[in-house]
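Peer 1:
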Amino acid sequence: MRAPSSREAALGEVLLAVEDVSLAFGGVRALTSVSFDIRKGEIRAIIGPNGAGKTSMLNVINGFYQPQSGRITFKGKERTSMRPYAAAEGGIARTFQNLALFKGMTTLDNILAGRALKMRRGFFWQLIHHGPALREEVEHRRRVEEIIDFLEIAAIRKIPVGRLPYGLQKRVELGRALAMEPDLLLLDEPMAGMNLEEKEDMSRFILDVNQQYGTTIALIEHDMGVVMDLSDRVVVLDYGRKIADATPDEVKSDTNVIRAYLGEPHGVSV
Amino acid sequence: MQSVDLGLDTLPKLLIHNAGAIGSRPAMRHKDLGIWQAWTWAQMLEEVRAFSIGLGELGLKRGDKFTIIGSNRPRLYWAMCAGQALGAVPVPVYADAVADEMAFVLAHAEAMLAVVQDQEQVDKIIAVSDRLPHLGQVIYDELRGLKDYDHGRLIAFEDVQSIGRKKLASDPECLRHWEAGVAAGKGSDLSVILYTSGTTGRSKGVMLTHENTIVSARNANAFDRLDQDEEVIAYLPLAWVGDYIFSYVQSYVAGYCVNCPEAPDTVVQDRREIGTTYAFAPPRVYENVLTLTTVRMADASALKRKVFDFFIAVAGRWGEKILDGEKVPLTARVLYGLGNLFVYGPLMNQFGLSRIRVAYTAGEAIGPEIFRFWRGIGLNLKQLYGQTEASVYISAQPDGEIYADTVGKASPDVEIKISDAGEVMFRSPGVFAGYYKDPDKTAEVLTPDGWVHTGDAGFFDPKTGQLKIIDRAKDVGRLSDGTVFAPKYIENKLKFYPNIREAVAIGAGRDVVCAMINIDLTAVGSWAERNNVVFGSYQELAANPRVYDMIARHIDEVNRSLAEEEIMAGAQIRRFLILHKELDPDDGELTRTQKLRRGHIIDRYAPLVEAFYDGSATAEISTEVTFEDGHKGVIAARLVIRDMQPYPARAAKMERAA
Chain V
2 MRAPSSREAA
12 LGEVLLAVED
22 VSLAFGGVRA
32 LTSVSFDIRK
42 GEIRAIIGPN
52 GAGKTSMLNV
62 INGFYQPQSG
72 RITFKGKERT
82 SMRPYAAAEG
92 GIARTFQNLA
102 LFKGMTTLDN
112 ILAGRALKMR
122 RGFFWQLIHH
132 GPALREEVEH
142 RRRVEEIIDF
152 LEIAAIRKIP
162 VGRLPYGLQK
172 RVELGRALAM
182 EPDLLLLDEP
192 MAGMNLEEKE
202 DMSRFILDVN
212 QQYGTTIALI
222 EHDMGVVMDL
232 SDRVVVLDYG
242 RKIADATPDE
252 VKSDTNVIRA
262 YLGEPHGVSV
Chain S
1456 MQSVDLGLDT
1466 LPKLLIHNAG
1476 AIGSRPAMRH
1486 KDLGIWQAWT
1496 WAQMLEEVRA
1506 FSIGLGELGL
1516 KRGDKFTIIG
1526 SNRPRLYWAM
1536 CAGQALGAVP
1546 VPVYADAVAD
1556 EMAFVLAHAE
1566 AMLAVVQDQE
1576 QVDKIIAVSD
1586 RLPHLGQVIY
1596 DELRGLKDYD
1606 HGRLIAFEDV
1616 QSIGRKKLAS
1626 DPECLRHWEA
1636 GVAAGKGSDL
1646 SVILYTSGTT
1656 GRSKGVMLTH
1666 ENTIVSARNA
1676 NAFDRLDQDE
1686 EVIAYLPLAW
1696 VGDYIFSYVQ
1706 SYVAGYCVNC
1716 PEAPDTVVQD
1726 RREIGTTYAF
1736 APPRVYENVL
1746 TLTTVRMADA
1756 SALKRKVFDF
1766 FIAVAGRWGE
1776 KILDGEKVPL
1786 TARVLYGLGN
1796 LFVYGPLMNQ
1806 FGLSRIRVAY
1816 TAGEAIGPEI
1826 FRFWRGIGLN
1836 LKQLYGQTEA
1846 SVYISAQPDG
1856 EIYADTVGKA
1866 SPDVEIKISD
1876 AGEVMFRSPG
1886 VFAGYYKDPD
1896 KTAEVLTPDG
1906 WVHTGDAGFF
1916 DPKTGQLKII
1926 DRAKDVGRLS
1936 DGTVFAPKYI
1946 ENKLKFYPNI
1956 REAVAIGAGR
1966 DVVCAMINID
1976 LTAVGSWAER
1986 NNVVFGSYQE
1996 LAANPRVYDM
2006 IARHIDEVNR
2016 SLAEEEIMAG
2026 AQIRRFLILH
2036 KELDPDDGEL
2046 TRTQKLRRGH
2056 IIDRYAPLVE
2066 AFYDGSATAE
2076 ISTEVTFEDG
2086 HKGVIAARLV
2096 IRDMQPYPAR
2106 AAKMERAA
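Protein chains in written order, with our numbering: chain V, 2 to 271; chain S, 1456 to 2113.
(1) What residues of chain V sit near Ala1755 (chain S), judged by a beta carbon separation below 8 Å?
(2) Ala1443 (chain S) and Pro1917 (chain S) look like a contact to me (Cβ under 8 Å); what is the Cβ gap, rounded to whole Å?
(3) Buried or exposed: which applies to Ala2106 (chain S), given that a residue is buried once 16 or more other Cβ atoms fall within 10 Å of its Cβ?
(4) Considering only C-alpha positions, which residue in the set S:Glu1742, S:Leu1541, S:Arg1631, S:Gln1683 is nearest to Ser1706 (chain S)?
(5) With DSSP as the reference, please indicate the residues paired to Ala1493 (chain S) in a beta bridge.
(6) Give me the Cβ distance between Val1789 (chain S) and Phe1766 (chain S), rounded to the nearest whole Å; I'm assuming they're in contact under 8 Å.
(7) Could you tell me whether any Cβ in chain S is nearer than 8 Å to the Cβ of Asp150 (chain V)?
(8) Select from S:Lys1776, S:Leu1469, S:Phe1940 the residue whose C-alpha is nearest the C-alpha of Ala1672 (chain S).
(9) Taking the CB atoms as reference points, tell me whether Pro1884 (chain S) and Asn1667 (chain S) lie closer together than 8 Å.
(10) Buried or exposed for Asp1596 (chain S), please, with buried defined as at least 16 other CB atoms from any protein chain shown within 10 angstroms of its CB.
(11) For the candidate residues S:Leu1587, S:His1665, S:Asp1487, whose alpha-carbon lies nearest to that of Ala1888 (chain S)?
(12) Using 10 angstroms around the beta-carbon of Gln1492 (chain S), count the other beta-carbons present and answer buried if the total reaches 16, otherwise exposed.
(13) Please confirm whether Ala1770 (chain S) and Gly1792 (chain S) have their CB atoms less than 8 Å apart.
(14) Would a check of beta-carbon distances place Glu153 (chain V) closer than 8 Å to chain S?
(15) Give me the Cα-Cα distance between Asp1644 (chain S) and Lys1516 (chain S), rounded to the nearest whole angstrom.
(16) Measure the Cβ-Cβ separation of Val2095 (chain S) and Thr2081 (chain S) and say whether it is below 8 Å.
(17) So, is the C-beta of Glu1717 (chain S) closer than 8 Å to a C-beta in chain V?
(18) Go ahead and pull the three-state DSSP assignment for Glu140 (chain V).
(19) Quick check on Ala2092 (chain S): does DSSP put it in helix, strand or coil?
(20) Less than 8 Å between the CB atoms is what I'm expecting for Pro2101 (chain S) and Asn2014 (chain S), so what's the real figure, rounded?
(21) Do we get a CB-CB distance below 8 Å when we pair Asp1720 (chain S) with the residues of chain V?
(22) Under 8 Å Cβ-Cβ, which residues of chain S neighbour Arg158 (chain V)?
(23) Taking the C-alpha atoms as reference points, what is the distance between Arg1586 (chain S) and Ile1508 (chain S)?
(24) From Gln1616 (chain S) to Met1662 (chain S), what does the alpha carbon distance come to, in whole angstroms?
(25) Opposite Lys243 (chain V) in the DSSP bridges: which residues?
(26) Given Met2023 (chain S), which residues of its chain have a CB within under 6 Å of its CB, disregarding the five upstream and five downstream residues?
(27) With a Cβ-Cβ cutoff of 8 Å, do Ile2056 (chain S) and Val1968 (chain S) count as a contact?
(28) Just to make sure I have the definition right: I need the residues of chain V whose C-beta is within less than 8 Å of the C-beta of Gly1600 (chain S). Which are they?
(29) Tell me whether the stretch 1512-1526 of chain S and the stretch 1483-1491 of chain S touch, counting them as touching only if at least three CB pairs, one residue from each stretch, are closer than 8 Å.
(30) Measure the Cβ-Cβ separation of Tyr1549 (chain S) and Pro1692 (chain S) and say whether it is below 8 Å.
(31) Give the single residue among S:Glu1844, S:Tyr1733, S:Phe1940, S:Tyr1690 whose Cα lies nearest to the Cα of Thr1721 (chain S).
(32) Between V:Thr248, V:Ala155, V:Ile39, which lies nearest to Asp184 (chain V) when the distance is taken from Cα to Cα?
(33) Kindly confirm or deny that the stretch 1988-1995 of chain S and the stretch 1924-1942 of chain S touch, where touching means at least three C-beta pairs closer than 8 Å.
(34) Give the DSSP-derived three-state secondary structure of Leu1469 (chain S) in the structure shown.
(35) When you compare only the Cα positions, how much space is there between Gly1920 (chain S) and Ile1857 (chain S)?
(36) Name, in chain order, the residues that DSSP records as bridge partners for Asp189 (chain V).
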């Protein structure tokens, strides 16, 4: 009855591979020849000091930025240019560093919005709201209710998200991403601006998502403690270059990583 | 004494009876995935029976103890009855108990098996499993988060049920055998052990028989004419006797439906959807709702506030009289009718109380102002006085005989007397069978002729003939000059103010009364927002001089009202401070039912108490706190102590002679 320990054996094949990706904005090189992979079922962290290129990397993965060179292979298919819409359809969902929710809509509606891509019936069918369209909506609602239950946000189901505290809004955003039933979930600083208790809650949800739905997760996070506790493997970026790629324990003692973090306000208090 | 008729002297027998007599009526509902799922009595019997037979296959047998830990969910209630059908004894544990408390109860009760809600509880059991040599299987309701655990000892609730169902299908003798087991149970059998979260020391296991609880429940149902049409919501801790009687035994006896909320924080919305007809809550719940209302109204527009204030004043003046069926002038009736349309009705609806017939408050004294507010707006709120040792009911207020400061007349079949020392004692069919494995403690409380010492000081009010509880007998003290000092009486006056969440009055054996205050973060936080008071934490807000000014005004008003009462006039508050942290059961400052553990608080904050009486203007304190996950930290602070000016005792208002 002991809690789970070693998970390395459980990691599956490569889900997403980034090979030699470079991205520049004019003269600013955001990413330089970065290569790493994300394997099915793992929690992969991307860390690094401010301006290291973490969010750029995430934006490249979900097609928001087009890298100047390099290859990205997702589910065995290579792609060089991709739109975020296609990434979403392909099974990549994300949350944002600064929330991107519909503030005036309720928690329920925000999460239902995450189902938009899964809706098969068109606008007119939905207008008629009978037969197949109704059945489909009931099914979507059931999925959303499962997520509400899972994230323990039943009490705020009917509350407009603009009125919720920040920590709960983050949770709703996670819910909306989950509603897409993604193969790969990208989390951009899921704990930013949270207090200890909220961070602990969020960590538990991330672990549970990974375990319950088997969702592969890539996350960017500043809080080193969180990263070390949650992730299976860690990529460390510094000035757009990859300086380490290993398990949390190995990364902790890596001299390059320590050097990159020295003088940074966060320190390596891990 | 009403006897248990029809041989329905155990809860499993009642279940079988109900499944036959009112099989198609709803017995239980649970909101799951946003939809109310219902079980009829017949369906519930099937669920309980399958689980019970499954438990039997796992080895649970007559006389075994097993534990139940979690929030109010149908499966946990079913587990109680399923175990009882085998003659085993459920030992519910507070779901928010920390692992250490849980270990004590489980080890003391020698629990063989655990039925728990989720991963959180499983983790706690794992953490202390080396202290629980008796514990075997752990049955869980929710799989979430448990997938990767070693399932050697873990088993899902539905898997136990399918063991039972398979056995039922394959063995033709199984059903008869199970029913014979139920029939072999007797009313005098031990039905449950409830560990009291005692205000002093380690908790004690109160043993109640089926007959204790069933007779108590039957009398209570008759007293308030409760029948199978009632709807109640189960939201109080499973391990509390109130929930056991109210959400389980009374429901089985009357046949009414128990509704389990979706989550602990959706109770108000769920109650609104169900429209409960009968409610039971500690004063804190009524207080919190009132605080919430007051805070929201303070944020409302001026017009709304005026309308609200006007009609609340009308309710205060006439509401109770109308509720009690007294004669009132026509204008009052018209005004009250309008108030009902604009304020009381919507307010009651907001809190899901539109259909309520009877609401009780118990567990602690309720502030008279809070009590009158609720009755004023039309809630038939009554007080009752009870104890785990009594299967709840000792006294209750009959309809139409409601007073804010009494706890009613002896409940049916209950005898009450006041000992020479002023302690309330009772004797009834609900009297417990003793403390589990603690005959010494039992002998201290239970006399050979069946009387129980309640530990509460009280007297019969000569005016109303009803029982009045002053305080815990050991808490009623005297100041050094001999003035009576009833701390709870003073604290309750303070706690009426929405800004004050908790108060601790100190003074026994001292020359004056001092008080430690806990502010209410919701109320004071909202005030701070409106008044541009910036704060980053509870501690910062509590230390704000303007918050001190506000609390000082409240204390001044309390002192003025104390001055009007002859026996209390000498016990006005002379000095106070605002604590830097909220009192918390995890730190042992409150019990799990949120009662003050005064002795512990005074020890813990000894430097503050010292500073009160040596005249210091500030006091240093550093306290160890326990976080939710069990790890400990230290909070340090320098607190300001304020002096208050007492009022002279007012001779004119001295009607209430001691």
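Even for Gly, the Cβ is constructed at its ideal location relative to N, Cα and C. Nothing here was measured: the structure is a model prediction, and the numbers come from that model.
Peer 2: This is what the structure holds:
(1) The contacting residues do not exist; Ala1755 (chain S) stays about 16 Å from chain V at best.
(2) A question about residue 1443 (chain S) goes unanswered here, because the residues of chain S that appear run from 1456 up to 2113.
(3) In this predicted model, Ala2106 (chain S) has a pLDDT of only 46, less than 50, meaning its place in the structure is not dependable enough to derive any value.
(4) S:Gln1683
(5) S:Arg1484
(6) Going by Cβ atoms, the distance from Val1789 (chain S) to Phe1766 (chain S) rounds to 12 Å, so no, they are not a contact pair.
(7) yes
(8) S:Leu1469
(9) Taking the C-beta atoms as reference points, Asn1667 (chain S) is found nearer than 8 Å to Pro1884 (chain S).
(10) buried
(11) S:His1665
(12) exposed
(13) Judged by their CB atoms, Ala1770 (chain S) and Gly1792 (chain S) are not nearer to each other than the 8 Å cut-off.
(14) Flagged as an interface residue toward chain S: Glu153 (chain V), by a C-beta distance shorter than 8 Å.
(15) 14 Å
(16) no
(17) yes
(18) helix
(19) strand
(20) 6 Å
(21) Judged by the 8 Å Cβ criterion, Asp1720 (chain S) is in contact with chain V.
(22) Gly1489
(23) Between the C-alpha atoms of Arg1586 (chain S) and Ile1508 (chain S) there is a straight-line separation of about 28 Å.
(24) 28 Å
(25) V:Leu238
(26) Leu2017
(27) no
(28) Arg205, Leu208, Asp209, Gln212, Gln213
(29) no
(30) yes
(31) S:Tyr1690
(32) V:Ile39
(33) No, because fewer than three Cβ pairs between the stretch 1988-1995 of chain S and the stretch 1924-1942 of chain S fall closer than 8 Å, the two stretches do not touch.
(34) helix
(35) 12 Å
(36) V:Ile221
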